[in-house]
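Asks: Okay, handing you the structure first.
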Amino acid sequence: MQIVLLGYMGSGKTTIGKVLADKLNVKCLDLDDYIEGTEGMKISNIFSDKGEIYFRKKEAESLREVLSMEDDFVLSIGGGTPCYANNMTTISEMTKNGVYLKVGLRELVERLSKEKTERPLIASIPDEELPEFIGKHLFERSFYYNQASHVVDCNSKSVEKIVVEIEGLLS
-1 MQIVLLGYMG SGKTTIGKVL ADKLNVKCLD LDDYIEGTEG MKISNIFSDK
49 GEIYFRKKEA ESLREVLSME DDFVLSIGGG TPCYANNMTT ISEMTKNGVY
99 LKVGLRELVE RLSKEKTERP LIASIPDEEL PEFIGKHLFE RSFYYNQASH
149 VVDCNSKSVE KIVVEIEGLL S
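Shown next as structure tokens:
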């Protein structure tokens, strides 16, 4: 079984992916890590050296490569991945287990404000502008996110509870 976790940054894709993969006894993969491995450079360097268009092409190609593997895994993808290059169609066609980890604006702002320095996209945004920035992104991306096979409301839930909920959707 292949499961793709998608959602906005700070939604818990990486954390939930590791716990879910461990529980299902399958590999845990991260699309950004895969791209960094094949490119031999960090995502931030790909953006700065080769540009966003190159990165988005590489991202779409890498997504298809990973989903073509015969292994069972849980794959965490970047927050923007579903929004480019028909990637949501690719996910829907290649796996029936796309899971949108839906987190509300208030909770995302709370989570992300604590880790701004680790998030280049929001590092330079003043705290008072963060809700509007995240809200705008969520509005733009929700069309793609909501095309996932499953939507899991993650507001105020523990990782364990979310994992159990995902397991229930997949059985």
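Numbering (the working numbering), first residue to last: -1 to 169. Glycine included, C-beta positions come from ideal geometry on N, C-alpha and C. All figures in this text were calculated on a predicted structure; none of them were measured in a lab.
What did DSSP end up calling I120 once you bin it into helix, strand or coil?
Replies: It is coil, neither helix nor strand.
Asks: Check whether the segment 90 to 107 and the segment 1 to 16 are in contact - that is, three or more C-beta pairs closer than 8 Å.
Replies: Yes, the segment 90 to 107 is in contact with the segment 1 to 16.
Asks: Going straight from the alpha carbon of I160 to that of K16, what length do you get?
Replies: Distance between the alpha carbons of I160 and K16: 12 Å.
Asks: Excluding the 5 residues preceding and the 5 following V64 in the sequence, name in chain order all residues of the same chain whose CB lies nearer than 7 Å to its CB.
Replies: The residues are L27, L29, Y32, L73.
Asks: Run through the DSSP bridge pairs and tell me what I160 is partnered with.
Replies: Paired residues: none, contrary to the question.
Asks: Give me the Cβ distance between T13 and V149, rounded to the nearest whole Å; I'm assuming they're in contact under 8 Å.
Replies: Wrong, their Cβ atoms sit about 18 Å apart, outside the cutoff.
Asks: Looking only at its chain, what residues have a beta carbon closer than 7 Å to the beta carbon of N85, apart from the 5 residues adjacent to it on each side?
Replies: Correct list, in chain order: A58, L61, T79.
Asks: Would you identify the three-state DSSP class for G38, choosing helix, strand or coil?
Replies: Here G38 sits in coil by DSSP.
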